[in-house]
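Asks: Below are the structure tokens for one structure; questions will follow.
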Amino acid sequence: MAQARLINKIAKDWKLSENLRVSTVHRFQGGEEQTIIFDSVEGAGNKVAPMLDDSKPDSDAKLVLNVAFTRAQKQLYLVAHTKHLLNDLNPGSALARIIHHFQQKAEILRGEDFVDNYYAADYEKWARSLFPTPSVTQEPISGKLFTERNFWDQFFQDIKTVNKRLIILSPFVSIRRWGMLMDYFQAMRGRSKEIRIYTRPLNQQVGELASQGEVVIAKFREMGVSVIERSNMHQKVAIIDDSIAWEGSLNILSHRDTGEQMRRFEGSSAIEDIIRNLELDTENAAGNISDQKCPKCGSPMVFRKSRYGRFLGCSRYPNCKEKISLGKNVGWVKTKRNPPL
Ligand SMILES: [Zn+2]
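Read in order, the letters of the sequence shown correspond to residues 29 to 369 in the numbering used here.
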């Protein structure tokens, strides 16, 4: 129910609601449609609802599935955590047999691709509409809010004032955005300013950005910009010296107009907070991709931390469980500010 409501909100916002009907299967009575998208909504961690398992007593699963699967005129999509469902469902149940049928006859699209796109575009906005999101600063939010309409003007003003160091966290990078920032960065590098970029590793850059990422990251590095690949990073942040910080939903290095917002803070205590929380003062911060390759499978190793300390884990975890423990912490700032282990 909540899911249907959220999808309706998103559809309205994207101006798709006229072409779309979103509802629970019980309310979705009759009527054919060109395209039907059926989402089982089931996820790992919970038993599959009896509603979907016709091998359970009193289940109306067959009825429900019949409504869902027989009304499409042209296209039929099944959205499902198939591994979880097949684990939990009776193998003879209708839904398990439907999944097997799709696996044999249908085109399989990987969920990560869509989820990542969605994260990139509007994740914070929708997450905020469902749950209040904690800010990366611990202080109450006091900064001034900018939309993408006035962000860039102010941001360019700000990066002209960089005295020592600019740090940008942008999960994704695009050629277009690189083209726009290149001159600024070149000028800053010419005056020996440090520029540090955190972005997702290439295999987590999505869609067309995946092919652009390699080029853009190489170009940044050629310029003397240090690019740190951080696994599954979602924060969008910019930090100018110890004086100005930006935080919000806009991917600075890949942004296209999608209704994003950024908040601007001044003052060193807010910035210290951000640096500490995001471990920007720690070279082996959790999530950062290291130079080391996995001794077992050759994939890059990722810094991780547990309550026993920091270690390197294979980036293919859980498929590869190789680990290397690390001795002492090495930080950019050798410091008390490193988070407690
Ligand atoms: Zn490995």
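For every residue, glycine included, the Cβ atom is placed at its ideal position computed from N, Cα and C.
How about arginine 338 and asparagine 305: are their beta carbons less than 9 Å apart?
Replies: By 1-based counting over the sequence shown, the position of residue 338 is 310. By 1-based counting over the sequence shown, the position of residue 305 is 277. For arginine 338 and asparagine 305, no; Cβs fall outside 9 Å.
Asks: Per the contact definition of three or more C-beta pairs closer than 8 Å, is the segment 285-296 in contact with the segment 311-331?
Replies: The answer is no - the segment 285-296 does not touch the segment 311-331, with fewer than three Cβ pairs under 8 Å.
Asks: Below 8 Å CB to CB, which residues in the same chain sit around leucine 278 once its five sequence neighbours on both sides are set aside?
Replies: Here residue 278 corresponds to residue number 250 of the sequence shown, with the count starting at 1. For leucine 278, where only same-chain residues beyond five positions count, the Cβ hits under 8 Å are Glu176, Phe179, Lys264, Glu288, Gln289, Met290.
Asks: Whole angstroms is fine: what's the gap from leucine 48's alpha carbon to lysine 172's?
Replies: Here residue 48 is taken as the residue at index 20 of the sequence shown, counted from 1. Here residue 172 is taken as the residue at index 144 of the sequence shown, counted from 1. So the two alpha carbons sit approximately 37 Å from each other.
Asks: Straight-line CA distance for leucine 137 to aspartate 186?
Replies: On the sequence shown, residue 137 is found 109 positions in, with the first residue counted as 1. On the sequence shown, residue 186 is found 158 positions in, with the first residue counted as 1. One C-alpha to the other measures close to 42 Å.
Asks: From the DSSP output, read off the bridge partner residues of serine 254.
Replies: In the sequence shown, the residue the question calls residue 254 occupies position 226. Per DSSP, Arg224.
Asks: Look up phenylalanine 293 in the DSSP assignment and say whether it is helix, strand or coil.
Replies: As a first step, residue 293 is located in the sequence shown; it is residue number 265 there, counting from the start. Of the three classes helix, strand and coil, the one that applies to phenylalanine 293 here is strand, per DSSP.
Asks: Do valine 201 and serine 259 have their C-beta atoms within less than 9 Å of each other?
Replies: The residue labelled residue 201 in the question sits at position 173 within the sequence shown. The residue labelled residue 259 in the question sits at position 231 within the sequence shown. The answer is no: Cβ separation not under 9 Å.
Asks: Specify, as a first and last residue, the run of the beta strand (DSSP E) that alanine 264 falls within.
Replies: Taking the first residue of the sequence shown as position 1, residue 264 is located at position 236. The sequence shown places lysine at residue 264, not alanine. Segment 264-268, the beta strand (DSSP E) holding lysine 264.
Asks: Mind the definition here: the segment 59-71 touches the segment 105-113 only if three or more C-beta pairs lie below 8 Å; say whether that holds.
Replies: At 8 Å Cβ cutoff, the stretches touch.
Asks: Which of helix, strand or coil does DSSP assign to isoleucine 299?
Replies: As a first step, residue 299 is located in the sequence shown; it is residue number 271 there, counting from the start. Isoleucine 299 falls in the helix class under three-state DSSP.
Asks: Let me have the residue list for ligand 1: C-beta closer than 6 Å to any non-hydrogen atom, ordered along the chain.
Replies: In chain order, the hits are Cys322, Lys324, Cys325, Ser327, Cys342, Arg344, Cys348, Glu350.
Asks: DSSP on glutamate 288, reduced to helix/strand/coil?
Replies: For the purposes of this step, residue 288 is identified with residue 260 of the sequence shown, where counting begins at 1. Coil, per DSSP.
Asks: Which of the three DSSP states, helix, strand or coil, is assigned to alanine 134?
Replies: Here residue 134 refers to the residue found at position 106 of the sequence shown. Coil, per DSSP.
Asks: Opposite phenylalanine 174 in the DSSP bridges: which residues?
Replies: Residue 174 sits at position 146 when you count from the first residue of the sequence shown. DSSP lists Met290 as partners of phenylalanine 174.
Asks: Where proline 199 and glutamine 233 are concerned, what is the direct C-alpha to C-alpha distance, given to the nearest angstrom?
Replies: For the purposes of this step, residue 199 is identified with residue 171 of the sequence shown, where counting begins at 1. For the purposes of this step, residue 233 is identified with residue 205 of the sequence shown, where counting begins at 1. Taking the straight line joining both Cα atoms gives about 8 Å.
Asks: Rounded to whole angstroms, what's the CA-CA distance from methionine 210 to isoleucine 256? Just pull it up for me.
Replies: To locate residue 210, count along the sequence shown from 1; it is residue 182. To locate residue 256, count along the sequence shown from 1; it is residue 228. So the two alpha carbons sit approximately 18 Å from each other.
Asks: What does a CB cutoff of less than 7 Å around arginine 219 pick up in its chain, not counting 5 residues either side in sequence?
Replies: In the sequence shown, the residue the question calls residue 219 occupies position 191. Cβ within range, chain order: n/a, list empty.
Asks: Sorted by chain position, which residues of the same chain lie with C-beta nearer than 6 Å to threonine 227's C-beta, five sequence neighbours on each side aside?
Replies: Reading the sequence shown from its first residue, position 199 is the one you call residue 227. Ser198, Val201.
Asks: Since isoleucine 90 contacts alanine 39 with CB under 8 Å, what's their CB separation in whole angstroms?
Replies: The residue you call residue 90 lines up with position 62 of the sequence shown. The residue you call residue 39 lines up with position 11 of the sequence shown. Position check: residue 90 holds lysine in this sequence, whereas isoleucine was assumed. Contact doesn't hold; Cβ gap of about 29 Å is too wide.
Asks: In the DSSP assignment, what residue or residues form a beta bridge with phenylalanine 339?
Replies: As a working note, residue 339 is residue 311 in the sequence shown. Per DSSP, Arg332, Ser353.
Asks: Comparing C-alpha positions only, which one of Val244, Ile268, Asn316, Ser353 sits nearest to histidine 262?
Replies: Taking the first residue of the sequence shown as position 1, residue 262 is located at position 234. The shortest Cα separation from histidine 262 among Val244, Ile268, Asn316, Ser353 belongs to Asn316.
Asks: DSSP three-state call for aspartate 186: helix, strand or coil?
Replies: Stepping through the sequence shown from its first residue, residue 186 is reached at position 158. Looking at aspartate 186 - three-state DSSP - the assignment turns out to be helix.
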